[in-house]
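Q:
2 protein chains.
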Amino acid sequence: MFRGATTINLDSKGRLAIPAKYRHALSIDCDGKMVCTIDIKQPCLLLYPLPEWQVIEKKLTQLSSMNPTERRLQRLLLGHADDCEMDKNGRLLISSPLRLHAGLEKKLMLVGQLNKFEIWSEEAWQQQIAEDLKVEQEGDFELNERLEDFSL
Amino acid sequence: MFRGATTINLDSKGRLAIPAKYRHALSIDCDGKMVCTIDIKQPCLLLYPLPEWQVIEKKLTQLSSMNPTERRLQRLLLGHADDCEMDKNGRLLISSPLRLHAGLEKKLMLVGQLNKFEIWSEEAWQQQIAEDLKVEQEGDFELNERLEDFSL
DNA sequence: TTATTGTTGTTGCACCACGAAACATGATGT
DNA sequence: ACATCATGTTTCGTGGTGCAACAACAATAA
Numbered sequence: 254m255f256r257g258a259t260t261i262n263l264d265s266k267g268r269l270a271i272p273a274k275y276r277h278a279l280s281i282d283c284d285g286k287m288v289c290t291i292d293i294k295q296p297c298l299l300l301y302p303l304p305e306w307q308v309i310e311k312k313l314t315q316l317s318s319m320n321p322t323e324r325r326l327q328r329l330l331l332g333h334a335d336d337c338e339m340d341k342n343g344r345l346l347i348s349s350p351l352r353l354h355a356g357l358e359k360k361l362m363l364v365g366q367l368n369k370f371e372i373w374s375e376e377a378w379q380q381q382i383a384e385d386l387k388v389e390q391e392g393d394f395e396l397n398e399r400l401e402d403f404s405l
Numbered sequence: 254m255f256r257g258a259t260t261i262n263l264d265s266k267g268r269l270a271i272p273a274k275y276r277h278a279l280s281i282d283c284d285g286k287m288v289c290t291i292d293i294k295q296p297c298l299l300l301y302p303l304p305e306w307q308v309i310e311k312k313l314t315q316l317s318s319m320n321p322t323e324r325r326l327q328r329l330l331l332g333h334a335d336d337c338e339m340d341k342n343g344r345l346l347i348s349s350p351l352r353l354h355a356g357l358e359k360k361l362m363l364v365g366q367l368n369k370f371e372i373w374s375e376e377a378w379q380q381q382i383a384e385d386l387k388v389e390q391e392g393d394f395e396l397n398e399r400l401e402d403f404s405l
C-alpha cells in the first residue's frame, strides 16, 4: 500500500525515477510491470501495478461496446492505458501522449494512493490542494457529513 | 490483450506500420492475419485478429436476414470487412474504401482495445477525446453512477 | 566532532533498435 | 509494352535503454 507525496524531476528522456522506498514493493508485487492511464476526473495520471490494473480491465471488458456511455469509458481508460516497466535503475518512461495530457514537463508530484499512484504536474497539484483546502474551510456540507464517521 | 494509443504515419502506399510491441503477439495469435471493418457507431475502423473476428462473424451469420435491423448490421459489418495481413516488415495495407470511411490520410491513431484495435484519423481521435472529457467533467449522471462500481 | 569509507540515488552519455521515408523490384491488367 | 499497384529493401534520424561516473548521504571509528 502506497502513501505520501514526493516531488520528482523527469529526466531529459521523460523518465521518472521511482523513489527508493517504493521500489522493493513494486518488484515483488508486479516485477516492476505497471500500467499508466489518465484520470478522467482530474488533470493527472494514474499508475497501477499490473495486477491491480487487471482487476479494472476485467470490469471494462464486461461493458457493452454498443452503449455510448460505457463505450466512452473504454475509450478514455483503455485508449490511454500504457504499459510501463521499471528499468534496472528503478525508472519508468512515461509516454509522450500521457505526459502531454497531465502537462508534465519537469517537476511532478508522485502521490501514493494505497493501491495506485497519482502523477501530477507540480503546478496542478499545488492548485488542486489549495482548492481542496478552501472548499474544506468553507465547510462543504457533504464532506462534513462524511467526516462524522471518521473521528479524525 | 492490447492497450494504449499510438500515433502512426501511413506511408505513401497507405500502409500502416504496426508498433513493434504488438508484432510478436500478433504473429502468435493469428500469424499476422487480421480483419478490418468499419465501426458503425464512430468514424473509425476496427481491426481484429482473425480468430477474434471469426467469433463475431459467427454471431452475425446467426442473425435473421429477415429482420431489417439485423440485416443492416450484416450488410455494414460484413460488407466492409477486409482481410489484412502483416507483411514481413510488420506493416499492413488498409484498403482505400476503408481509409476513406475513417478519413485517414497521413497521421492516425492506433488504439488498443483489448481484443481489437481501433484506427482513427488523428484529428477525429483528438476531437472525440476532448468531447469525452468535456462530458465527463460536466458530470454526466449516468457515467458517475457507473463509476461507483469501478473504484478506480 | 570530524574524517574516511561504503552505500544509495542522480545525472549525463553512448549505443542500439525502431520507425519514417525513399527507392527498387515484381505482379497485374489494360 | 507500359502504367499502376502491391510488396520488399535500404538508409537515415530519432528516441528509448543501459551503463558508468559522480554526488549525496549515512555509518563508523579515530
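Chains A and B supply the protein sequences, listed in that same order. 254 is the number of the first residue of the first sequence in my numbering; add one for each residue after it. 254 is the number of the first residue of the second sequence in my numbering; add one for each residue after it. Yeah, the Cβ is synthetic: ideal placement off N, Cα and C, and Gly gets one too. In this text, all values refer to a predicted model and were calculated from it rather than measured experimentally.
Could you tell me if P302 of chain B is buried or exposed, where buried requires 16 or more neighbouring beta carbons within 10 angstroms of its beta carbon?
A: Buried, because 16 or more other Cβ atoms sit within 10 Å of the Cβ of P302 of chain B.
Q: Here's the rule I'm using: 16 or more other beta-carbon atoms within 10 Å means buried, otherwise exposed. How should F347 of chain A be labelled?
A: Here the sequence assigns Ile to residue 347 of chain A, which means Phe is not the residue at that position. Result: buried.
Q: What does G365 of chain B touch in chain A if you count any residue whose Cβ is under 9 Å from its own?
A: By Cβ distance, chain A contributes L331, G332, A334.
Q: In angstroms, rounded to a whole number, what distance separates the CA positions of L331 of chain B and N397 of chain A?
A: L331 of chain B and N397 of chain A: Cα-Cα distance of roughly 56 Å.
Q: Counting only Cβ pairs nearer than 7 Å, list the residues of chain A close to D385 of chain B.
A: The answer, in chain order, is R325, R328, L329.
Q: Just to confirm, are A258 of chain A and M362 of chain A a CB contact at a threshold of 8 Å?
A: Contact flag set, yes.
Q: For a contact meaning CB atoms closer than 8 Å, what does L299 of chain A contact in chain B?
A: L405, listed in chain order.
Q: Say whether the region 320 to 327 of chain B touches the region 369 to 380 of chain B, bearing in mind that this needs 3 or more beta-carbon pairs closer than 8 Å, one atom from each stretch.
A: Verdict: no, contact absent.
Q: Chain B partners of K314 of chain A, CB-CB under 7 Å?
A: The question names Lys, yet the displayed sequence has Thr at residue 314 of chain A. Ordered by position in chain B, the residues that pass the 7 Å Cβ test against T314 of chain A are L367.
Q: Rounded to the nearest angstrom, what separates P272 of chain A and L279 of chain A at their Cα positions?
A: So the alpha carbons of these two residues sit roughly 11 Å apart.
Q: At the 8 Å Cβ level, is E302 of chain A part of the contact set with chain B, yes or no?
A: It should be pointed out that residue 302 of chain A corresponds to Pro in this sequence rather than to Glu. No, because no Cβ of chain B sits closer than 8 Å to the Cβ of P302 of chain A.
Q: What do you get for D402 of chain A, buried or exposed, if any count of 16 or more other CB atoms within 10 angstroms of its CB means buried?
A: D402 of chain A comes out exposed.
Q: L316 of chain B and Q307 of chain B: beta carbons closer than 8 Å?
A: No, the Cβ-Cβ distance between L316 of chain B and Q307 of chain B is not below 8 Å.
Q: Which residues mark the beginning and the end of the alpha helix (DSSP H) in which E384 of chain B is found?
A: Unbroken alpha helix (DSSP H) run through E384 of chain B: 375 to 390.
Q: Is L367 of chain A buried or exposed, if buried means 16 or more other CB atoms sit within 10 Å of its CB?
A: Classification for L367 of chain A: exposed.
Q: What is the C-beta distance between L300 of chain B and C283 of chain B, in whole angstroms, given that I count them as a contact (C-beta under 8 Å)?
A: At roughly 11 Å, the Cβ-Cβ gap does not stay under 8 Å, so L300 of chain B and C283 of chain B are not in contact.
Q: Reducing DSSP to helix, strand and coil, say where E401 of chain A ends up.
A: Here E401 of chain A sits in coil by DSSP.
Q: Does V364 of chain B pass the burial test, meaning 16 or more other C-beta atoms within 10 Å, or should it be called exposed?
A: Result: buried.
Q: Identify the contact partners of P435 of chain A in chain B, using a Cβ-Cβ distance below 7 Å as the criterion.
A: Residue coverage of chain A in this structure runs from 254 to 405, which leaves residue 435 of chain A outside it and unanswerable.
Q: Using only CA atoms, which one of B:Q381, B:D340, B:W373 lies nearest to T260 of chain B?
A: Selected option, being the one with the closest Cα: B:W373.
Q: Roughly how many whole angstroms lie between the Cα atoms of K311 of chain A and F370 of chain B?
A: Their backbone Cα atoms lie some 17 Å apart in a straight line.
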